[in-house]
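**Student:**
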Amino acid sequence: MKSLFLLLVLLVPLHALAGANDELTLYVAPKGNDTWSGMLASPAADGSGGPFATLARAAEQVRALRKNQGGTLTQPVQILLRAGTHFLTEPLVLTPEDSGTVDCPVTFATYPGEKAIISGGRPVTGWKKVDAALWATDLPEVRGGNCYFRTLRVNDTWAIQAREPNFDPEQPRKGGWLFARQIVAGEKQGLFGVGVGKIHNVGDRLEWAAEIPAEGDYTVWVRYGHRMKNYNLDTMDGRTVF
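Each number in my numbering corresponds to the 1-based position in the sequence shown with 46 added.
This is the structure:
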């Protein structure tokens with residue numbers, strides 16, 4: 047009796063033989079798309095896939111991966127940011143569940159050889175040249191009181207916003223005026239959330255709580271306006287203590 051032997055050959059792509067502990071890389075690019083897989087560093091020629099558009103989508107993908115792996119990552123994950131500015135429309139919140147382990151860490155990094163910027167700002171467009179040194183644009187959200195901003199940057203340079211009196215380069219910090227958005231606090235209104243009108247009586251006291259970002263020495267300048275001529279005084283010299 048003759049025996050019959052069958053030789054089965056299984057053809058499997060080499061990348062499918064990789065172990066579960068191999069590092070997974072996800073990509074995020076300013077011109078990416080959150081509907082893509084995030085597995086490609088650049089968009090595919092046919093538009094079928096490419097990097098994610100947002101960091102939030104990449105973090106979401108890592109959470110889904112952890113859930114599929116039983117609640118604990120079984121492979122290291124790195125999220126690489128491609129060159130450009132990555133604007134955040136809302137804070138990126140990472141909690142302990144977004145962490146990896148010693149053997150399977152989760153790493154956020156810039157793509158090798160590129161420069162990526164994470165920005166909480168927003169691009170401002172529609173600029174029109176008014177004169178040689180002045181540009182202007184209209185922001186309906188700001189005009190309507192729904193959005194405020196305190197700083198403006200042009201490329202890598204901080205811009206000087208319109209102010210009165212004009213900016214004095216010899217007095218970059220103490221010259222001119224520093225405008226703060228008005229805050230309503232109860233029935234009182236003021237730049238610091240309190241009513242500061244007619245503070246001229248002996249013993250009047252104002253206190254402000256400030257959040258200090260780090261330990262160190264700080265210099266604080268306070269400028270104020272007054273109408274003391276209504277009270278037969280030309281100045282407030284010697285009447286105010288800081």
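By construction, the Cβ of each residue, glycine as well, lies at the ideal position given by its N, Cα and C atoms.
Count the other CB atoms, across all protein chains shown, that sit within 10 Å of the CB of Thr-100; report buried if there are 16 or more and exposed otherwise.
**Tutor:** Within the sequence shown, residue 100 is the residue found at index 54, counting from 1. Result: buried.
**Student:** Relative to the C-alpha of Val-200, which residue among Glu-187, Gln-217, Trp-181 and Asn-192 is closest?
**Tutor:** For the purposes of this step, residue 200 is taken as residue 154 along the sequence shown, with counting starting at 1. Val-200 has its Cα closest to that of Trp-181, out of Glu-187, Gln-217, Trp-181 and Asn-192.
**Student:** Closest to Gly-96 by CA distance: which of Asn-192, Thr-71 and Leu-119 is it?
**Tutor:** Taking the first residue of the sequence shown as position 1, residue 96 is located at position 50. Nearest option by C-alpha distance: Thr-71.
**Student:** First and last residue of the alpha helix (DSSP H) that includes Ala-105?
**Tutor:** For the purposes of this step, residue 105 is identified with residue 59 of the sequence shown, where counting begins at 1. Ala-105 -> alpha helix (DSSP H) spans 101-114.
**Student:** Under the three-state reduction of DSSP, which class applies to Lys-174: helix, strand or coil?
**Tutor:** One-based indexing of the sequence shown puts residue 174 at position 128. In the structure shown, Lys-174 sits in a strand (DSSP, three-state: E or B).
**Student:** Could you give the residue range of the alpha helix (DSSP H) that holds Val-188?
**Tutor:** The residue you call residue 188 lines up with position 142 of the sequence shown. 186-189 is the span of the alpha helix (DSSP H), which, as asked, contains Val-188.
**Student:** Would Pro-122 and Pro-151 qualify as a contact pair, given that the criterion is a beta-carbon distance under 7 angstroms?
**Tutor:** Here residue 122 is taken as the residue at index 76 of the sequence shown, counted from 1. Here residue 151 is taken as the residue at index 105 of the sequence shown, counted from 1. Yes, the pair counts as a contact, with Cβ atoms nearer than the cut-off.
**Student:** Look at the alpha carbon of Phe-213 and the alpha carbon of Thr-183, and state the distance between them as a whole number of angstroms.
**Tutor:** Within the sequence shown, residue 213 is the residue found at index 167, counting from 1. Within the sequence shown, residue 183 is the residue found at index 137, counting from 1. Taking the straight line joining both Cα atoms gives about 20 angstroms.
**Student:** The beta strand (DSSP E) spanning Val-123 covers which residue range?
**Tutor:** The residue you call residue 123 lines up with position 77 of the sequence shown. Val-123 -> beta strand (DSSP E) spans 123-127.
**Student:** Can you tell me which of Ala-102, Val-148 and Phe-154 puts its alpha carbon nearest to the alpha carbon of Leu-138?
**Tutor:** The sequence position of residue 138 within the sequence shown is 92, counting from 1. With distances taken between Cα atoms, Leu-138 lies closest to Ala-102.
**Student:** Give a yes or no on whether the C-beta atoms belonging to Ala-155 and Leu-111 are separated by under 7 angstroms.
**Tutor:** As a position in the sequence shown, residue 155 is number 109, starting the count at 1. As a position in the sequence shown, residue 111 is number 65, starting the count at 1. Cβ atoms of Ala-155 and Leu-111: not closer than 7 angstroms.
**Student:** Quick one: Cα of Gln-217 to Cα of Thr-265, how far?
**Tutor:** For the purposes of this step, residue 217 is identified with residue 171 of the sequence shown, where counting begins at 1. For the purposes of this step, residue 265 is identified with residue 219 of the sequence shown, where counting begins at 1. For Gln-217 and Thr-265, the distance between alpha carbons rounds to 15 angstroms.
**Student:** So, under 8 angstroms CB-CB, Gln-107 and Gly-130 are touching, yes? Tell me the CB distance rounded to an integer number of Å.
**Tutor:** Along the sequence shown, one-based indexing puts residue 107 at 61. Along the sequence shown, one-based indexing puts residue 130 at 84. That belief does not hold up - the Cβ atoms of Gln-107 and Gly-130 are roughly 20 angstroms apart, past 8 angstroms.
**Student:** For the beta strand (DSSP E) containing Ile-163, name the first residue and the last one.
**Tutor:** In the sequence shown, counting from the first residue as 1, residue 163 sits at position 117. Run containing Ile-163: 162-165, per the beta strand (DSSP E) assignment.
**Student:** According to DSSP, Ala-155 sits in a beta bridge with which residue or residues?
**Tutor:** Along the sequence shown, read from residue 1 onward, the residue named residue 155 stands at position 109. Its beta-bridge partners are Leu-126.
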